[in-house]
Amino acid sequence: MPHPRYICIHGHFYQPPRENPWLGVVEVQDSAAPFHDWNERVTHESYAPNTRARLLDDRGRITNILNNYAWMSFNFGPTLLQWMADAEPDVLRKIVEADRLSRERRGGHGNAIAQAYNHMIMPLASAVDKRTQVLWGVADFRHRFGREPEGMWLAETAVDVASLEALADAGIKFTILAPRQAKRWRRIGEKTWIENGGGIDPSQAYVCRLPSGRSIALFFYDGIISQQVAFERLLDRGERFLGRLFGGFDGHRDHPQLMHIATDGESYGHHHAHGDMALAYVLERLSKDPNVKLTNYGEFLELHPPRWEVEIHENSSWSCAHGVERWRSDCGCKTRGDWQQKWRGPLRSALDGLKEQLDHLFGTRGRVCFRDPWAARDGYIRVILSRYSEEAIQAFLNEFGHPDLDDQQTTDALRLLEIQLDAMLMYTSCGWFFDELSGLETTQCLQYAARAISMARQFDRDLEEAFVAALEAAPSNLPQYGDGRGVWEQCIRPSVVDLDRVLAHHAISLIYQSGDDGRRDDASAYDVQTLDQQIRTRGVGHLAVGRLRARSRRTWNEAESNFVVVHFGGLDFHTVLSSSLSAEDFLEFQSRLLPIYRSGSLAELMRLLDQEFPGATHQLDDLFRDEQRRIIGIVLSDRFEDYRRAFEHLANEDEEVLNRLGRLRYPIPKPLRAAASTYLDHHLREQIDWLETGEEHSLAPVEHLCDRGRSWGYTPEREALGKAVSEGLQRTLRGIQDGSNLGMVATRVELLLDAAALLGIKPDLWQVQNQFLDAFIRLSDDGAIDPSLREIFAKLAVRLDVSPSVLDWRP
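Residue numbers for the sequence shown follow the numbering used here, so the first one is 1 and each next one is one higher.
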């Protein structure tokens, strides 16, 4: 009887931490446009699509949907899941759901495995950092998936024996490595080791015996096919992908074979468009093939324990041919051939020097606050996972802190732990992976270093100058920076946040308060209380005066200050914070300031401010990025409306001229085209909004607007209008309640789709289709679907490119 054959596809889903270290939120990243940031973009392109991956017929209609995570092995970076829990909770819910479904199918073995916390290169980490990285990764996994992890992914599969010891000590049963990381192997019980240049057989599990007497199972993925998936466009065609997986089996092997690959999970949708669909095609075919069994590593390990043992190459990885040199030297691994990476070694050296000082501070001052500082650090993950709730912090201090900590010692304790958090985050591997010192990932690591340095000053440790001096040895590829000092002074130092900046941010924002408008909280790491405020308007300008108190949710330190904000109009803001006046003196100062603003000259106001309100000054530049963008948008909105009205006037006046020029095939002058296109784009967007809300029931206005531009070659702004249609469809489908209003909803959906067809745009229907199917499932589970409702749903399904047979789909 032939040995059974198994296939396992592993995806390593990860993004580097992107949060502003001081604020705890991801700020807008223009390079990720049209999305807010790279986490949001990659979620849209990969993480979310894999929760509901489509299988299509030859007409592009959905015939089945797969939650790919329920059929593949996967890990997610803990810092990515922390962001996802806040920003994309529905995606996280479906990922956790997939792990639960896989446990039901795989004998209790879930598809999800853990990851060492923040993607630190483990062989380059200290022993205490290795332990904390593993323990935090386990704790995060337990928090997200509600169970203990069986396996753990190591960043870049970078490994040494000490890292394997850390995994085994935490109860981890296995990890996954590249085939070239196997040094030698032998059948259990034999004495002779095999060192074969042809490589290890990846089709079975191996045991690695450790010096401590423990052991851990190792899986070595198929390197060739993994490479083809990641870099050689194997995902372009699902049939070809499937064929290559079957080609990984070898008929000469005399044991149950595991054909398995491992790649970055982002291959499935982000690096390769529609890679999620190719994966779904393969997973569905494999799930129905009686000659092969889809599995995960935990299940395979239970069914077929290792019969061979292996030793690893110390300090090896999957993404550097030189071991782990990519993260500490100019080894030659690069993504851009014309740039040098001589900065990598000096950056590592500078951070190592800083880390030594920070660890010494923690080990010495930490004893004042904690019975065992390093045990306290291991336990601090509970506070992080609680999103710094006061209850969790207090419980943590009760367990690990000395019983008699006063307020200052409590703040010191929390600062020391936050320093340690940043001291690990600054070693996130992506800081060295790419080619330029001033790149997004490297400056993120330097920002963590900057925050740790700023907090160390509270313990009379000034570590900045020595650190920046060490960075001078790190050359940038860009002449405007020169070296690491230039990067620090131009990119890092201006980004530092303290309580004064938080107060100034809030003071300026008071002028344009908009209530709960759903915008991002740019200062989520702080609580800001408005103790007093007076806001006045004068022409296009404003005056805000009052008192604020800010408190860090992470370290419990706080500050209070009086403020005055003078908005001269436009983007010109002048803000002063001052704590020098008593409450009575500040009230008296306000009583003179406000009348001057109402009826005096601004020169007189500024003179009073300069003479009697000394303090730190701030401008619009000091606002955190998202709030800055919001306020700039508000300030400019009136100007945009002026332009729009002017363009509308010109477009109406010049309509006949444009038509005549079009008929004569005369090139339309740019000013005329800009005015008329802006007019048509605006009114088409308006019509889409009215079709959604039911204020318009006909496509005639849309047809009329299209006719106006047809003669001179008007092209609709397809991306913006497509987004408007897609969002309108989503809002409309949210209106499905008990099914009684489905006819009205269907009419509006069909009108929006007809408008899109008329404009020649194809809206993104992915989320629309999900909402539509979820609504059917909800009503069906409630027993509310009768034949007439099913008929309406079936008709609407066809319009949304969904086969009616998919209505009965379940995750």
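Idealized CB from N, CA, C, for every residue including glycine.
Which of helix, strand or coil DSSP assigns to residue i
i, result
"Ile668", "coil"
"Phe220", "strand"
"Glu436", "coil"
"His255", "coil"
"Lys130", "helix"
"Val497", "coil"
"Val138", "helix"
"Met120", "strand"
"Lys762", "coil"
"Ala824", "Residue 824 lies beyond the range of the chain shown here (1 to 811); nothing can be said about it."
"Gln357", "helix"
"Asp642", "helix"
"His322", "coil"
"Gly518", "The pLDDT assigned to Gly518 is 37, lower than 50, so where the model puts this residue is not dependable; a value taken from the coordinates is nonetheless given after this. Correct three-state label for Gly518: coil."
"Tyr6", "strand"
Per-residue burial, residue i [other beta carbons within 10 Å of its own, 16 or more giving buried]
i, result
"Thr428", "buried"
"Asn291", "exposed"
"Arg106", "buried"
"Ala321", "exposed"
"His506", "buried"
"Ala603", "exposed"
"Ala646", "exposed"
"Ser317", "buried"
"Gln444", "buried"
"Val806", "buried"
"Pro21", "buried"
"Arg639", "exposed"
"Thr575", "buried"
"Phe231", "exposed"
"Leu531", "exposed"
"Ala757", "exposed"
"Ala452", "buried"
"Tyr666", "exposed"
"Ala523", "Here the model assigns Ala523 a pLDDT of 47, short of 50, so the residue's position is not dependable and the matter cannot be decided."
Pair within 8 Å by beta-carbon distance, residue i and residue j
i, j, result
"Arg61", "Asp782", "no"
"Trp712", "Leu759", "no"
"Gln357", "Leu463", "yes"
"Ala112", "Phe145", "yes"
"Val138", "Ala114", "yes"
"Gly722", "Asp764", "yes"
"Ile121", "Val324", "yes"
"Leu593", "Val540", "no"
"Gln529", "Leu548", "yes"
"Leu385", "His143", "yes"
"Asp169", "Pro78", "no"
"Leu699", "Ala755", "yes"
"Tyr297", "Gly238", "no"
"Leu577", "Leu503", "yes"
"Arg625", "Glu27", "yes"
"Gly198", "Thr175", "no"
"Val768", "Leu729", "yes"
Beta strand (DSSP E) segment containing residue i, residue limits
i, result
"Arg663", "It is not in any beta strand (DSSP E) - Arg663 instead sits in the alpha helix (DSSP H) that spans 655 to 663."
"Glu148", "First-last for Glu148: undefined, no H or E at that position."
"Lys183", "182 to 187"
"Arg209", "206 to 209"
"Leu177", "174 to 177"
"Gln340", "Gln340 -> no beta strand (DSSP E), and no H or E assigned at all."
"Asn398", "Here Asn398 belongs to no beta strand (DSSP E); instead the alpha helix (DSSP H) covers 390 to 400."
"Thr530", "526 to 538"
CB-CB length for residue i against residue j, believed under 8 Å
i, j, result
"Leu446", "Ala474", "No, Leu446 and Ala474 are not in contact; Cβ-Cβ is about 10 Å, not under 8 Å."
"Asp435", "Thr335", "6 Å"
"Ala205", "Leu66", "No, Ala205 and Leu66 are not in contact; Cβ-Cβ is about 27 Å, not under 8 Å."
"Asp276", "Ala53", "4 Å"
"Asp222", "Ile261", "5 Å"
"Ala775", "Leu733", "6 Å"
Continuous alpha helix (DSSP H) stretch holding residue i: start and end
i, result
"Glu311", "Where Glu311 is concerned, there is no enclosing alpha helix (DSSP H), although the beta strand (DSSP E) it sits in stretches over 308 to 312."
"Arg549", "Unbroken run through Arg549 is the beta strand (DSSP E), 541 to 552; no alpha helix (DSSP H)."
"Glu612", "602 to 612"
"His704", "700 to 710"
"Phe586", "583 to 599"
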